[in-house]
Amino acid sequence: MSLTDQDLEKIKAVVDARADLQDQKFERRFAESEEKLTQQIDSKINNAKEETFQKIDSVKTILEGDHQGLVEDVETLKSQVTQLQSHHA
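Mapping to the working numbering: the sequence shown position 49 is 49, numbers consecutive.
Right, dumping it as structure tokens:
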């Protein structure tokens with residue numbers, strides 16, 4: 001049995017169609033993987049941003065507390081200086 005040119009063209013068409021399907025399947029899987037990775041990266045970035053904002057807020061709270069404590073200490077010292085000055089005057 002010998003294959004005619006028409007038989008070879010049909011075989012080639014089937015092989016080409018199969019290759020096209022494989023390419024489409026690969027491209028779809030690649031796009032899905034790319035989308036999944038993009039979502040994971042975005043999620044990690046958002047989590048990192050949120051953690052950073054929380055840490056900044058924590059430090060801000062600590063610094064505000066420290067500042068308030070310093071203001072109170074300065075007011076206490078001013079009061080003590082005023083009292084000392086009034087005793088020596």
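Where a beta carbon is used, it is the ideal one built from N, C-alpha and C, also for glycine.
Sequence-distant residues of its chain with Cβ nearer than 7 Å to residue i (five each side left out)
i   : result
V59 : none
Own chain, CB closer than 6 Å to residue i, minus 5 neighbours either side, in chain order
i   : result
Q24 : none
Q68 : none
T4  : none
Q: Mind listing, in chain order, the continuous alpha helix (DSSP H) runs of no fewer than 4 residues lying wholly within the segment 1 to 77?
A: Runs found: none.
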